[in-house]
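See below for the structure under consideration.
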Amino acid sequence: MAKKSRSPQTSAPRAEGEVGPRQPCPCGSGKRYKACHGAAGGAAPTFVARPFEGMPSECDVIALRELVPAATAPLTLKEGSRAVRLATLLPGAAPAMVRESGDVWLGLQVQHAYGNPARDLGAVLELALATEEPGIIGLMSAPGEGPSLQDLISDTTLDITVHDGFEYWIDDIPERDAGMEAALEQANSGVMPTSRLSSVEAAYWTNVGTKEHLRWVMPHDEDRLLDALARLHAAGQDSVADGSRFVGMFRAHGLLAPVWDLPLGTGAEVLEEPAARFATDLAEALEGGDLTAAERSARAGLANRQVTIR
Numbered sequence: 001m002a003k004k005s006r007s008p009q010t011s012a013p014r015a016e017g018e019v020g021p022r023q024p025c026p027c028g029s030g031k032r033y034k035a036c037h038g039a040a041g042g043a044a045p046t047f048v049a050r051p052f053e054g055m056p057s058e059c060d061v062i063a064l065r066e067l068v069p070a071a072t073a074p075l076t077l078k079e080g081s082r083a084v085r086l087a088t089l090l091p092g093a094a095p096a097m098v099r100e101s102g103d104v105w106l107g108l109q110v111q112h113a114y115g116n117p118a119r120d121l122g123a124v125l126e127l128a129l130a131t132e133e134p135g136i137i138g139l140m141s142a143p144g145e146g147p148s149l150q151d152l153i154s155d156t157t158l159d160i161t162v163h164d165g166f167e168y169w170i171d172d173i174p175e176r177d178a179g180m181e182a183a184l185e186q187a188n189s190g191v192m193p194t195s196r197l198s199s200v201e202a203a204y205w206t207n208v209g210t211k212e213h214l215r216w217v218m219p220h221d222e223d224r225l226l227d228a229l230a231r232l233h234a235a236g237q238d239s240v241a242d243g244s245r246f247v248g249m250f251r252a253h254g255l256l257a258p259v260w261d262l263p264l265g266t267g268a269e270v271l272e273e274p275a276a277r278f279a280t281d282l283a284e285a286l287e288g289g290d291l292t293a294a295e296r297s298a299r300a301g302l303a304n305r306q307v308t309i310r
């Protein structure tokens, strides 16, 4: 008995920029789109490719959200006089906290992902500013339209402090009990030594135990930056210390972050001068013209060097 013929199934072509259900979710969760922001149960939140654009110290904010274990920076509101503190991580990965003093703390490393972290921060900040009752401020659903964090704060450069651990969680508590100290000790046990370079913006050294890294979030257009890095790589000018190796880059919130492996024992201090020199060379390379054949080959290799954030 002959098999019935089947007409090939066709589907409507996706609009430009639309994410397919089996493709990685653009929020960065690592899940397929259909299992994350494309899951059934309502419209998926709008994904914003570069959410922190226009925010002071955009590159540092991305680094604090994605790379740095423990850091804080004071924020100045455009309206109002409440003290606001931005932190990499708050206890329990809380989105925000109102302290006994009335100060507001905002956390960058949180468990929710609604497509626009800058809008999430703006919504949480508004909720925190609307009360003086101490406690945790959560965000249980997508906040919808409204101001992003950069709409609510002044456009001054952030004064970032990188901490050795999470002591800032309780630095406003005069009397600490044994439970607080035990929780703090447990949290600090997972902190990798990290330092922010002072000679350049948004470059962070870290020691992960088996090796050291320099990870540097850069504000440049991706294509121009790849061209410039290819020029430096082809010319042998992409070192940031003796024995360093440029291993690739990762994307985060619309920007690229080049990564170097460093020999154990390098430390952050010796990177200051070569990092500043690299920044100067990069600025010149960004203004270059068409790539040579060797530079095009280098660019093709660099474009495939995607590293995992650890």
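Everything in the sequence shown is counted per this note's numbering, starting at 1 for the first residue and increasing by one.
Backbone N, C-alpha and C define an ideal beta-carbon position, used for all residues, glycine too.
Query: For P174, the nearest candidate out of R99, D159 and P219 (CA to CA); Result: R99
Query: From H112, A93 and G122, residue whose alpha carbon lies closest to that of F52; Result: G122
Query: Three-state class that DSSP yields for D155 in the structure shown; Result: coil
Query: Inter-residue Cα distance where the pair is A130 and V84; Result: 13 Å
Query: Counted within 10 angstroms of its Cβ, other Cβ atoms place V110 as buried (16 or more) or exposed; Result: buried
Query: Where L89 falls: helix, strand or coil (DSSP); Result: coil
Query: Between the CA atoms of Q186 and A113 - distance to the nearest angstrom; Result: 26 Å
Query: Beta carbon of L255 nearer than 8 Å to that of M218; Result: yes
Query: Min CB distance K78 to chain C below 8 Å; Result: The question asks about chain C, but that chain is absent: this structure has only one protein chain.
Query: Other residues of its chain near A202: CB distance less than 7 Å, five sequence neighbours each side excluded; Result: C59, D60, A63, W216 and V217
Query: Rounded C-alpha distance that separates M272 from D151; Result: Before going further, note that residue 272 is Glu rather than Met in the sequence given. Taking the straight line joining both Cα atoms gives about 33 Å.
Query: Limits of the alpha helix (DSSP H) - the one that A234 falls within; Result: E222 to A234
Query: Neighbourhood of G301 by C-beta, 7 Å cutoff - its chain only, sequence neighbours within 5 removed; Result: none
Query: Contact check, L77 vs I153, beta carbons under 8 Å; Result: yes
Query: Residue nearest to E132 in terms of C-alpha spacing, selected from N207, A96 and P258; Result: A96
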